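Numbering (mature numbering (1 follows the signal peptide of the UniProt record, and there is no 0)), first residue to last: -21 to -1, 1 to 427.
We put the beta carbon where it would ideally sit given N, CA and C, even for glycine.
Since we're looking at a predicted model, the values are computed, not measured.
Worksheet for the structure shown next.
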């Protein structure tokens, strides 16, 4: 089955875009302070227990702050402040050690249980060391990681100063926070999932709206990207990832994560739009929608083109079916890779999927690793849990023919949340190719 889109003049649609019924932006503004506090109180102690740590130290400072500062309340740090989280069984005690001045604001924010002010210029590391020693901790997580950038916010200088303040016994108890960060950030609260569900629906609707602007032979990939940029500005939402690469609109050979080019869209093209928005300044989406450009007079795509679409779509459905609590990320990837081989797809270098939430590539299990044929390692070994949200693809790839290594890849990308029994889509998935008719004057069809 396919969906038809009437050809319209691009300039007319751009002019009329503000007249469209605007998608309802989720009521996410102002939700973060409340959600953040709930996450610290309810989810953090559980994550610390799963990661096997009983203390976590986050150092925050201005201008070069820790990537997780906003998650613990340290986004407004001036002089270096330390956020200390101590777990005792199922309970958690959170403390901010802050230079005086900013300490007042931290008390007003009421993110942590206790705010301790110290004289500006005093050694915060000595204060941290004293509290860790008194708490008699066994493992202390710090944001230093070789494998996870968002858990690597502590600079070499910060680490050296902290270690110098600790006793030899405490230094031996330092561990990377990557397991803790993965366990904590990957699980979203029901309110967060609801916000992301609504944001995902907006994302897909905007992509479908953008395809209604395409006039084959005239419209460029970059025109579609500009239309989406205009629409997210009108709606007051942000970019889901690096602005100059969002959206990535591509009607030619695959280019990976990149900006849209000035390539003119032609009959016979598959158009891929990889797009994400940010709502409430916090939560992001990552969804792709595909269109096919009919040749003049065509009513349906060629059978070969439709078959490629159906194979890609089935890979996405197979991946969703494999997403269950307790399953490794690697196993989800392998389920889809097995189908790709059966379907005759060329190999694809990217993993099937990734967590999404605060970043487009968030912390948590990586749905990857099976392409190499080697045993799984790293985040691909992490197990799925209820409340984790993923963006995941169904791949079908074939050689483009324009150069020896050029590929065209259909990557039906949807978003889903893991439930107690499996996984469910955040918003309705794309079941049908969006069809764009061509005027009689359009250029010669491209090969499907």
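Quick one: what's got a C-beta closer than 8 angstroms to residue 428's C-beta in the same chain, skipping five residues either side?
Examination of residue 428 is not possible in this model, given that the chain is present from -21 through 427 alone.
For residue 108 and residue 325, I'd like the C-alpha separation in whole angstroms.
Going by the C-alpha atoms only, they are around 55 angstroms apart.
In chain order, what residues of the same chain have a beta carbon less than 8 angstroms from the beta carbon of residue -18, not counting five sequence neighbours either side?
Below a pLDDT of 50, predicted positions are generally treated as unreliable, and residue -18, at 38, falls in that range; the measurement from the model is reported next regardless. For residue -18, same chain residues with a beta-carbon under 8 angstroms away, outside a window of 5 residues either side, are 414 and 416 in chain order.
If you follow the alpha helix (DSSP H) that residue 107 is part of, which residue opens it and which one closes it?
103 to 114 is the span of the alpha helix (DSSP H), which, as asked, contains residue 107.
Does DSSP put residue 172 in a helix, in a strand, or in coil?
If DSSP states are grouped into helix, strand and coil, residue 172 belongs with the helices.
Have a look at residue 336 and residue 419 and give me their C-alpha separation to the nearest angstrom.
Each residue's alpha carbon lies about 44 angstroms from the other.
From residue -7 to residue 307, what does the alpha carbon distance come to, in whole angstroms?
Because the pLDDT at residue -7 is just 28, under 50, the model does not fix this residue reliably, and the point stays unresolved.
Counterpart residues of residue 120 in DSSP-defined beta bridges
Per the DSSP secondary-structure output, residue 120 pairs in a beta bridge with 35 and 154.
Any idea if residue 302 is buried or exposed, counting beta-carbon neighbours within 10 angstroms, 16 or more meaning buried?
Burial call: buried.
Taking the alpha carbon of residue 148 as the point to measure from, which residue in 174, 118 and 133 has its own alpha carbon closest?
With distances taken between Cα atoms, residue 148 lies closest to 118.
With DSSP as the reference, identify every bridge partner of residue 377, one or two as the case may be.
Looking at the DSSP assignment, residue 377 forms a beta bridge with 387.
Within a Cβ cutoff of 6 angstroms, which residues of the same chain sit near residue 130, ignoring the five residues on either side of it in sequence?
The residues 122, 124, 156, 157 and 160, in chain order, have a CB closer than 6 angstroms to that of residue 130 in the same chain once the five nearest residues on each side in sequence are set aside.
Around the Cβ of residue 257, are there at least 16 other Cβ atoms within 10 angstroms (buried) or fewer (exposed)?
Residue 257 is classed as buried because its beta carbon has at least 16 other beta carbons within 10 Å across all chains shown.
Can you look up residue 428 in the DSSP assignment and give me helix, strand or coil?
Nothing in the structure corresponds to residue 428, since the chain is present only between -21 and 427.
Taking the alpha carbon of residue 99 as the reference point, which residue from 84, 79, 90 and 112 has its own alpha carbon closest?
Checked all of 84, 79, 90 and 112; the closest Cα to residue 99 is 79.
Can the beta-carbon of residue 312 be found closer than 7 angstroms to that of residue 294?
The criterion of a C-beta distance shorter than 7 angstroms is not satisfied by residue 312 and residue 294.
By DSSP's criteria, residue 415 is part of a beta bridge. Which residues make up the other side?
272.
By the 10 Å Cβ neighbour count, where 16 or more other Cβ atoms means buried, how is residue 213 classified, buried or exposed?
Exposed: under 16 other Cβ atoms inside 10 Å.
Mind reading off the beta-carbon distance from residue 298 to residue 286? Whole number of angstroms is fine, and I expect it under 8 angstroms.
Contact flag wrong, Cβ pair sits at about 19 angstroms.
For residue 191, the nearest candidate out of 112, 271, 278 and 133 (CA to CA):
The shortest C-alpha separation from residue 191 is found at 271.
Between 223, 351, 342 and 252, which lies nearest to residue 238 when the distance is taken from Cα to Cα?
Residue 238 has its Cα closest to that of 223, out of 223, 351, 342 and 252.
From residue 75 to residue 97, what distance separates their C-alpha atoms?
Approximately 11 angstroms, taken between the alpha carbons.
Please list, in chain order, all residues of the same chain as residue 232 whose beta carbon is under 7 angstroms from its beta carbon, the five residues on each side excluded.
Cβ within range, chain order: 379, 381, 385, 386 and 387.
Opposite residue 297 in the DSSP bridges: which residues?
By DSSP's assignment, residue 297 forms no beta bridge with any residue.
Exposed or buried, which one is residue 236 when buried takes at least 16 other CB atoms within 10 Å?
Its Cβ having fewer than 16 others within 10 Å, residue 236 is exposed.
Per-residue burial, residue 204 [other beta carbons within 10 Å of its own, 16 or more giving buried]
The Cβ neighbour count for residue 204, taken over all protein chains shown within 10 Å, is at least 16; the residue is labelled buried.
Taking the straight line between their C-alpha atoms, what separation do you get for residue 112 and residue 143?
The straight-line gap from Cα to Cα measures roughly 14 angstroms.
Once DSSP output is grouped into helix, strand and coil, what is the label at residue -15?
Unreliable positioning characterises residue -15 in this predicted model, as indicated by a pLDDT of 32, which lies under 50. The coordinate reading is nonetheless provided below. When DSSP states are grouped into helix, strand and coil, residue -15 belongs to the coil group.
Please return the same chain residues whose Cβ sits closer than 7 angstroms to the Cβ of residue 355, not counting the five positions on each side in sequence.
Residues 307, 309 and 348 of the same chain have their beta carbon placed closer than 7 angstroms to that of residue 355, with the five preceding and five following residues left out of the count.
Separation of residue 322 from residue 410, as counted between CA atoms:
For residue 410 and residue 322, the distance between alpha carbons rounds to 18 angstroms.
For the beta strand (DSSP E) holding residue 60, just list the boundary residues, first then last.
That run of the beta strand (DSSP E) goes 60 to 67.
With a threshold of 7 angstroms on Cβ separation, who are the neighbours of residue 152 within its own chain once the five nearest residues in sequence on each side are excluded?
Around residue 152: 116, 117, 118 and 119.
Pick helix, strand or coil for residue 74, following the three-state DSSP scheme.
Under the three-state reduction of DSSP output, residue 74 falls in the strand class.
Using a Cβ-Cβ cut-off of 7 angstroms (strictly less than) and excluding sequence neighbours within five positions of residue 225, which residues of its own chain qualify?
For residue 225, where only same-chain residues beyond five positions count, the Cβ hits under 7 angstroms are 218, 219, 254 and 255.
Using 8 angstroms for Cβ pairs, my map puts residue 264 next to residue 182. What's the rounded Cβ distance?
Yes, they are in contact, since the Cβ atoms of residue 264 and residue 182 sit about 4 angstroms apart, within 8 angstroms.
What are the partner residues of residue 397, as DSSP defines its beta bridges?
Per DSSP, the beta-bridge partners of residue 397 are 402.
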